[in-house]
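Protein chains in written order, with our numbering: chain A, 1 to 175; chain B, 1001 to 1175; chain C, 2001 to 2175; chain D, 3001 to 3175.
C-beta: ideal position from N, C-alpha, C; glycine also.
As structure tokens, the structure follows; a few thoughts come after it.
Number of protein chains: 4
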Amino acid sequence: MGCTAPCTSAPEMIRIFVTGGTFDKEYHDLSGSLAFKDTHLPEMLRLGRCRIDVSIATLMLIDSLDMTDSHRAVIVDQCRQAAEERIVITHGTDTMVDTARALGAVFDADGDKTIVLTGAMIPYAFGSSDGLFNLGSALSFVQVLPPGVYITMNGRYFVWDRVRKNRDNGAFEAT
Amino acid sequence: MGCTAPCTSAPEMIRIFVTGGTFDKEYHDLSGSLAFKDTHLPEMLRLGRCRIDVSIATLMLIDSLDMTDSHRAVIVDQCRQAAEERIVITHGTDTMVDTARALGAVFDADGDKTIVLTGAMIPYAFGSSDGLFNLGSALSFVQVLPPGVYITMNGRYFVWDRVRKNRDNGAFEAT
Amino acid sequence: MGCTAPCTSAPEMIRIFVTGGTFDKEYHDLSGSLAFKDTHLPEMLRLGRCRIDVSIATLMLIDSLDMTDSHRAVIVDQCRQAAEERIVITHGTDTMVDTARALGAVFDADGDKTIVLTGAMIPYAFGSSDGLFNLGSALSFVQVLPPGVYITMNGRYFVWDRVRKNRDNGAFEAT
Amino acid sequence: MGCTAPCTSAPEMIRIFVTGGTFDKEYHDLSGSLAFKDTHLPEMLRLGRCRIDVSIATLMLIDSLDMTDSHRAVIVDQCRQAAEERIVITHGTDTMVDTARALGAVFDADGDKTIVLTGAMIPYAFGSSDGLFNLGSALSFVQVLPPGVYITMNGRYFVWDRVRKNRDNGAFEAT
């Protein structure tokens, strides 16, 4: 049998940019509030027994409601500079669509980069998180989707300019 | 912008066949041993906030070391009868490759069915499982891979006749 | 052998009053904040396979920083009215000492009630909580301590007027 | 107010002897079976934010069904040699009563040692364990019970010669 898809998923390196979001929030016991300490990405990849070559860089650790145009400029710039053609970005869900748009305006389907944004509705550290499911999903889609900018949430992918977050149920949906 | 990939992942129904494996094992407190009770698939999909339409059927709940040719015949037959073109099968890792081969001999790349087998090295019920990551991965790959039979483990996919399980580290690798 | 302690712990009913605190906080996914929904006490007792007869009443579900004198008056009053002689109160740690003092001024060592306050530094719902340990501890101490008002945290008990919370490390210590 | 109980629980060192049992079992992913690797006691004490001085020694890591008279002789001997007057022993539940009897024959209520055995019905590593609850309970009872040998399970304590494990529901009950 000849494979019509490559016989295994791409052995090439995948870049992961961490920006924060619910994904990486933790409970800070002395203040009794939610805060960032470190990304959980390496631990999550270990838990998932992921054997893809990945290169992780933490660009920022912020709530996506605090993300400004200059933060987005950093993300766009880092994606541009990345040697890897396949990039996953972890991001807060509140403004994930905005960052996808900033990226979509630059990296289009005629380019050579496949960029997938993902996040979580419940912090990974809180036990009942969707984060591990979303990470497995994002890392899979990024290996097989053609160049372009996508959001991966709820087991689905969405092209950057055809998606919104439904504020009532927290789910992403096609527009 | 015109999408070169579909603008969102397939809205069509995905079939999930449960066959057991480590994925669904639980600790049975009175006997102190590992056993099957029920599949955790619905709970895992809820945790992952999966919003793909799926139809789950439990074909069997067995350790894959106990899987015989007649069990495999049931799986092949159920895949053949399924109305859905995209099928995920949860399966023990020990003989996942054997079942993939039984399926690969029937459903080839010229057909219309994309079949993805996945499993876990640690039971989902035990807290530190790779199951949720693998499920996110399998449900994503099945939406975008062309017809054929695949194994999804460790964040990667493998075509059915180019994969083996490495008994030393428990990882799947291309052959 | 004659038992010098009763041969088993008291078969009598224990009263549990829930007042909120970190113990019962949850992550609210749509708002991205911490909030109360319901007490986790019944689930925790089930997990701990507790076979003491308990009667649970939720008096309030508030952050202990929001607890006022009138809230404390309710707690004191409920303890006074309780038919049970052994009472556990779950409470936020920030003002647990204040509530212990309000109770200690009323229920003293000459009375017939043993009252134990406990709480958690990490919400039970967040997986890595000290709550289950503290609950096991509080339910044990309440069965064997003589009448009086106590705080149980960090595996220890403290009489109500000889304890403070160390704000630097979150631990309770004798004064 | 004069305390009729000591004003805080004993500041003296508590000895913890680890013998194995369900408490410390883990899932071994390559063999797909349950096995011992290391005790989880230090991690559990950290999670419970326990601030009692404890000294932990692992005497053995075995299933209590494999425990022989010579194993029990080791446990009795270690308790005899221990400088501490308060001792917690983690133990499999299947033969916990037998070991309690071996200890009870030596350390009686006229002695100076308070010995508490405890265990778990679900391994601590499996997320939904009763272990942390039981540990909090055992460490509390051991601080306040008079000299003697006890079993602590299900939120209760039992004197060594008045207890049995109910094989039908896994609970300990008074005889």
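- Neighbourhood of D29(A) in chain C, by CB distance below 7 Å: M2121, I2122 and G2170, in chain order.
- The residue among G1032(B), L1135(B) and P1123(B) with its C-alpha nearest the C-alpha of H3028(D) is P1123(B).
- DSSP lists S55(A) and I87(A) as the bridge partner or partners of R15(A).
- Around T2022(C), the beta-carbon contacts reaching into chain A at under 7 Å are G32.
- Close partners of A1125(B) in chain D (Cβ separation under 9 Å): F3126, G3127 and S3128.
- A Cβ-Cβ contact shorter than 8 Å links M13(A) with D53(A).
- With respect to chain D, the C-beta atom of C2079(C) has no partner C-beta closer than 8 Å.
- Residue environment for R1086(B): buried (at least 16 other C-beta atoms within 10 angstroms of its C-beta).
- The beta carbon of L1034(B) is closer than 6 Å to those of K1025 in its chain, skipping five residues each way along the sequence.
- Sorting G2170(C), I2062(C), M2153(C) and P2147(C) by C-alpha distance to the C-alpha of S3140(D) places M2153(C) at the top.
- Under the three-state reduction of DSSP output, A2174(C) falls in the strand class.
- Measuring C-alpha to C-alpha distances from D3168(D) to each of M3121(D), V3144(D), G3155(D) and V3142(D) identifies M3121(D) as the nearest.
- A2035(C): member of the beta strand (DSSP E) spanning S2033 to F2036, first to last residue.
- Counting C-beta pairs with one atom in each stretch, the segment 128-138 of chain A and the segment 1131-1146 of chain B have three or more that are closer than 8 Å, which means they touch.
- In this structure, DSSP gives R2162(C) a state outside helix and strand, which the three-state scheme calls coil.
- For the segment 1144-1158 of chain B, the set of residues with a beta-carbon nearer than 9 Å to any beta-carbon of chain A comprises V1144, L1145, P1146, P1147, G1148, Y1150, T1152, M1153, N1154, G1155, R1156, Y1157 and F1158, in chain order.
- Apart from sequence neighbours up to five positions away, the residues of its chain that approach G2092(C) with a beta-carbon distance below 8 Å are T2019, G2020, G2021, T2022, F2023, I2062, D2063, S2064, L2065, M2067 and G2119, ordered along the chain.
- L117(A) is bridged by DSSP to I89(A) and I151(A).
- Assignment of I1122(B) by DSSP, reduced to helix, strand and coil, places it in the coil class.
- Rounded to whole angstroms, the separation of the alpha carbons of R3164(D) and V3116(D) is 15 Å.
- Here the C-alpha atom of D1098(B) lies approximately 25 Å from the C-alpha atom of Q143(A).
- For the segment 132-144 of chain A, the residues whose beta carbon sits under 7 Å from a beta carbon of chain B are, in order, L132, F133, N134, L135, G136, S137, L139, S140, F141 and V144.
- Interface with chain B (8 Å Cβ-Cβ cutoff): R49(A) is included.
- By the rule that beta-carbons nearer than 8 Å mark a contact, I1052(B) touches chain A.
- Distance from G2155(C) to C3007(D) at the Cβ level is roughly 16 Å; contact not present, criterion being Cβ atoms closer than 8 Å.
- If you look at H2071(C), you'll find it in the alpha helix (DSSP H) that goes D2069 to Q2081.
- S70(A) counts as exposed, since fewer than 16 other C-beta atoms from the protein chains shown sit within 10 angstroms of its C-beta.
- One Cα belongs to P1146(B), the other to E43(A), and the distance between them is close to 32 Å.
- At least 8 Å separates the beta-carbon of G2104(C) from that of L30(A).
- Less than 8 Å divides the Cβ of L59(A) from the Cβ of F17(A).
- By the 16-neighbour rule on beta-carbons within 10 angstroms, G2111(C) is exposed.
- At a cut-off of 8 Å between beta-carbon atoms, R2162(C) makes contact with chain D.
- In terms of CA proximity to Q81(A), K113(A) leads the group L41(A), T90(A), R162(A) and K113(A).
- Across the structure, S2128(C) and I1075(B) are spaced so that their CA atoms are roughly 40 Å apart.
- The beta carbon of T1095(B) sits closer than 8 Å to the beta carbons of S1064, L1065 and M1067 from its chain, once the five residues preceding and following it are set aside; these are given in chain order.
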